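Sequence order for the protein chains is Z and S. Residue numbering for the first sequence is -2 to 341, as defined by the working numbering. Residue numbering for the second sequence is -2 to 341, as defined by the working numbering.
There are 2 protein chains.
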Amino acid sequence: MAVTIKDVAKRAGVSPSTVSRVLSNHPRISTETSRKVKLIMEEMGYHPNIMAKSLVSKTTNSICIMLPKSAEELFSNFFFMELIRGIVTQASRLGYDVLISSGSNEKEEVDGVSRLLNGRRVDGVILLYSRKDDPVIDFLHDNGHNFVLIGRSEQYPDILSVDNNNVQASYDATKHLISLGHERIGFVSGPPHLVVSKDRLKGYLDALHDAGLESKQEWIVEGEFLQESGYRAMSFFMNLPDRPTSIVLIDDVVAFGVLRGLNELNYKVPEDLCLVSFNNIPLTELSTPPLSSIDIGIYNLGYTASQVLIQSIQNSNDASYQKRQIIPHRLIVRDSSMYSVPKH
Amino acid sequence: MAVTIKDVAKRAGVSPSTVSRVLSNHPRISTETSRKVKLIMEEMGYHPNIMAKSLVSKTTNSICIMLPKSAEELFSNFFFMELIRGIVTQASRLGYDVLISSGSNEKEEVDGVSRLLNGRRVDGVILLYSRKDDPVIDFLHDNGHNFVLIGRSEQYPDILSVDNNNVQASYDATKHLISLGHERIGFVSGPPHLVVSKDRLKGYLDALHDAGLESKQEWIVEGEFLQESGYRAMSFFMNLPDRPTSIVLIDDVVAFGVLRGLNELNYKVPEDLCLVSFNNIPLTELSTPPLSSIDIGIYNLGYTASQVLIQSIQNSNDASYQKRQIIPHRLIVRDSSMYSVPKH
DNA sequence: GTGAAAGCGCTAACAC
DNA sequence: GTGTTAGCGCTTTCAC
C-alpha cells in the first residue's frame, strides 16, 4: 500500500488538511510546519495520488491529442512528430500531461474523445488537422468542451485555432515563381476535404490572377500527402502539350515523388521544371537538387496550440485572448526553384 | 454537473451498486434490470468518471511513453512517430490510453516517471531507447514498476524488452557488402552510450572477422543520428589514403548526410562508395540513388512493446511470457549497394 | 439478484 | 494557522 496524506499527517502530528495545504503551498501555513511536513513526505516517500486529486478538484491537468485515423496516409510522420513535440514541450512546461488518442474511423474518434472528456480524464483536446464537416468538431463545439484546432474550420470560424496564413503562404510561393518569369505554373493539391488544400489552392489562384496570368484547370491536380501523388501528378503534367514550367506542391513528400519521376524520365530540376513545396522538412535540403519550401513553423504550431488550449482551460470564463493565432511562414529558396525562365 | 451513477440509480429505481454492476457486466444481474439501466444511461447521457473508477480500482488503464530528452538530436522523427503509432494502436485495441511524457534531462525524466507511476496515474511505462547506466531504468527496476524497454539493457538483462537482433542485423548488412567483393568496409556508428550502437558495431566486426577481413580503427567513426555526422564521417573517410569502398551506417539519416557530401565532391554512389544503412524510412527509396537499408520493423517494435507491457500489467504475478521479444529485420537492397568491387 | 454501507485519497468549506 | 467534517463518483464486501 502506498503512503497517503493520512500517514504523513499522523507521523507529523498534524491533520490531513494541513498536509494538503502544505502540498498546495497554501499561504496561511507556518513555515515551520511546512518544513517539517515536507521533510516527512520525503522520508516516507509520499507521492500525491493524482486520481484522487482530480476527482475532487474536477480538473485533470491533462490534455489530449487526436491522431487522425490514418496518419500515414494523410501527412508525413515528420509533420505530426514535430507537432507533438511542440505540444508536449509546452504542456509539460505548464504542468500538463498529454494523452494520445486515435480512432480508426470518425465514429471511433468521437467516441474516444467523448469518453475522455465526459469521463473527466482530460480537460481539453487538440485537433491536429481540419477537414470539412468533421463530426469530432461538431461534438466538441456542441458540448462546450475546451478544444483548439490546428488549422481552420469553415463551419465554425469562431473556435479557438492555430493556423498558418495558408492563402498568403501559397500566394508567396506562387509569386516567387512568377518573379522568376514563370507563366505556366501548376499546382498539386492535397485531399480536397482538407481545408488546408483549399486555402493553398486559393493563394495560388490569387497570385496568378493578380499577375494577370492564365490559370488552366489541367494545371491543377489533387492528391494525397504521398509520394505516389507527386509521381502521378508529374507524369500527368509532363504529358501535357502545353505543360507548366514550374509547380507549387502541397507537401515536401509529394515534391519528392515528383523529383523521383522527373529523374527517371531524365528531366532536370530546375531547368525543365521548377518546384516549390510546403513544410520544409529536414530532407528538403538533402534531395538532389535541394527543394525550395515554405517553412510553416510546425513545432511552433504545436507549441502555440498547447499554450492556447491550456490558457482557455484555465480561464474558461473570459475570452480576452485571440481566438485565432497565426503562425508566420517563410519561403526558403533552394536550388529546385533557382532558374529564371528565358525571355522569349 | 455531470450525471453520476446515483442519478441513474434514482431514475431507474435501483441502487447505485446495481448500476455499477450493470456497468461492469456483473454476471449476477438480471437481463431485465441491465437492459433498463442501460437505456436510462443512454437517455441521461451518463459517462463513467474515469478518475473515480481508477481511485477505487487502483488501476488506470493507461500507460506512458517517455520521449527522450532531445528526440531531434538522437533519432529521426520518423522513427519515433512510427513507434508511437504502433504503441497507440495496440494500446487502444486493448482498452488502454497512452500518455506522452518527456524531460529535458535525466533527472526530469525520473521525476516525471515517478510522479506518474507513484501518483497512480499510469500503470506502466515504455522506454523508447536504451542507453548505458540509465537512471530511469534504475528507478523503474528498483521500485518494481511495470515497464518495457525498446532495446536492450546491459545492466539488467532480465527485464521486459522488445528489440531487434541488432548484432545479427549489422552482421547481415556487412555480409552483404562482403559478398559483393568489398574488403575495405567502414562503419559509421551512433552515440557510444546507446546500446544499439554497440550491438551494431559488434555485428559489423564479427562479419569482418568471420570473413577473414581486416578491421581498421580508422574505418570506424562515431556520431549522432544526424545528417551532419554522416557528412563529417564521409569527408573523414574520403581523405584516408586507404579509404573504404563501402560503409555500413547506423541510420538512414546519417546515410543521407554521406550522400550529400559525396554528391558535392562529385563521387558516385555506388561506384565510388557503397552504402547500407538502418531503419528503411520511406525516403530511402527516394534518394538518388535509392538507399539499401535494414528494415527493423519500427511499427512492430512499438506494437509489440505495447502488447507486452499491458500483458505484464494484467498478470503482474505470473511471468510465463517471454522476457525478451525479438522483432525480425530484413535487408532491403537498393541501388546504393548494387556494385561489385572489380577483382584485382 | 439487489441494496446498504464503507471507503479509495484527496480538497475545501467551516469552525476555532 | 490548523483541525473537523463532508463529500468527489465509484466499487465492493456483506447482508438478505
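Cβ coordinates follow ideal geometry from the N, Cα and C atoms, glycine included. Bear in mind the structure is a predicted one, so any value in this text is a computation, not a measurement.
Query                                                                                                                                                                                                               : Result
Just to confirm the assignment, what range does the alpha helix (DSSP H) spanning R112 of chain S have?                                                                                                             : 103 to 115
With S289 of chain Z and F275 of chain Z assumed to form a contact (beta carbons below 8 Å), what rounded beta-carbon distance in angstroms separates them?                                                         : Not quite, the Cβ-Cβ distance comes to about 10 Å (not below 8 Å), so this is no contact.
Using beta-carbon positions only, say whether G254 of chain Z and S232 of chain Z come within less than 8 Å of one another.                                                                                         : no
Going by C-alpha distance, which of S:Y228, S:G258, S:K129 is nearest D196 of chain S?                                                                                                                              : S:K129
For A(-1) of chain S, count neighbouring Cβ atoms within 10 angstroms of its own Cβ and tell me buried if that reaches 16, exposed if not.                                                                          : exposed
Note down the Cα distance separating T171 of chain Z from I84 of chain Z, rounded to an integer number of angstroms.                                                                                                : 31 Å
Does DSSP put A68 of chain S in a helix, in a strand, or in coil?                                                                                                                                                   : Any reading at A68 of chain S must be qualified, since the residue scores a pLDDT of 49, below 50, and its modelled position is unreliable; no value is offered.
If you draw a straight line from the alpha carbon of D139 of chain S to that of V53 of chain S, how long is it in whole angstroms?                                                                                  : 26 Å
Could you check what DSSP says for M(-2) of chain S in three-state terms: helix, strand or coil?                                                                                                                    : coil
Do S333 of chain S and P286 of chain S have their CB atoms nearer than 8 Å?                                                                                                                                         : yes
Taking DSSP as the reference, what is the three-state secondary structure of S99 of chain S?                                                                                                                        : strand
Would you mind reading off the limits of the alpha helix (DSSP H) that contains L137 of chain Z?                                                                                                                    : 132 to 139
At a cut of 8 Å, does the region 131 to 149 of chain Z reach the region 111 to 123 of chain Z through at least three beta carbon pairs?                                                                             : yes
Could you check whether the region 301 to 309 of chain Z touches the region 277 to 285 of chain Z, counting it as contact only if at least three pairs of C-beta atoms, one from each stretch, sit closer than 8 Å? : no
Answer with yes or no whether the minimum CB distance from H138 of chain S to chain Z is below 8 Å.                                                                                                                 : no
Taking CB distances under 8 Å as the criterion, tell me whether A68 of chain Z reaches chain S.                                                                                                                     : In this prediction, A68 of chain Z has a pLDDT of 49, which is less than 50 and means its spatial position is unreliable; what the coordinates show is noted afterwards. Yes, A68 of chain Z counts as interfacial toward chain S.
Helix, strand or coil for R25 of chain S, going by three-state DSSP, please let me know.                                                                                                                            : coil
Any residues in the region 23 to 45 of chain Z with a beta carbon nearer than 7 Å to a beta carbon of chain S? Which ones, in chain order?                                                                          : H44, P45
What does the Cβ neighbour count give for P154 of chain S, buried or exposed, with the cut at 16 atoms within 10 Å?                                                                                                 : exposed
Would you identify the three-state DSSP class for E151 of chain Z, choosing helix, strand or coil?                                                                                                                  : coil
Measure from the C-beta of R229 of chain Z to each C-beta in chain S and report whether the shortest distance is under 8 Å.                                                                                         : no
Using a threshold of 8 Å, state whether the C-beta atoms of A166 of chain S and H326 of chain S are closer than that.                                                                                               : yes
Strictly below 8 Å CB to CB, what residues from chain Z border L52 of chain S?                                                                                                                                      : N46, M48, A49, L52
By Cβ distance, which residues of its chain are closer than 6 Å to A68 of chain S, with the 5 residues on each side in sequence left out?                                                                           : Because the pLDDT at A68 of chain S is just 49, under 50, the model does not fix this residue reliably, and the point stays unresolved.
Could you name the residues that DSSP lists as bridge partners for M63 of chain S?                                                                                                                                  : S:S98, S:L124
Below 8 Å between beta carbons: does that hold for V110 of chain Z and I97 of chain S?                                                                                                                              : no
Is there a C-beta anywhere in chain S that falls below 8 Å from the one on N115 of chain Z?                                                                                                                         : yes
Pull out every residue of the region 75 to 87 of chain Z whose Cβ sits closer than 8 Å to any Cβ of chain S, in chain order.                                                                                        : F75, F77, M78, E79, I81, R82, V85, T86
Measuring only the C-alpha atoms, how far is R32 of chain Z from K3 of chain Z?                                                                                                                                     : 17 Å
G299 of chain Z to I134 of chain Z, Cα distance in whole Å?                                                                                                                                                         : 18 Å
Applying a beta-carbon distance threshold of less than 8 Å, which residues of chain S neighbour Q224 of chain Z?                                                                                                    : P279, L283
Starting from F275 of chain S, follow the beta strand (DSSP E) in both directions and report where the run begins and ends.                                                                                         : 271 to 275
Does the region 233 to 244 of chain S come into contact with the region 257 to 276 of chain S, if we say contact requires no fewer than three beta-carbon pairs (one atom in each stretch) closer than 8 Å?         : yes
Any beta carbon of chain S sitting closer than 8 Å to that of V330 of chain Z?                                                                                                                                      : no
Between which two residues does the beta strand (DSSP E) carrying V245 of chain Z extend?                                                                                                                           : 243 to 246
Determine, using beta carbons only, whether K74 of chain Z and N161 of chain S come nearer to each other than 8 Å.                                                                                                  : Note that residue 74 of chain Z corresponds to Asn in the displayed sequence, not to Lys. No.
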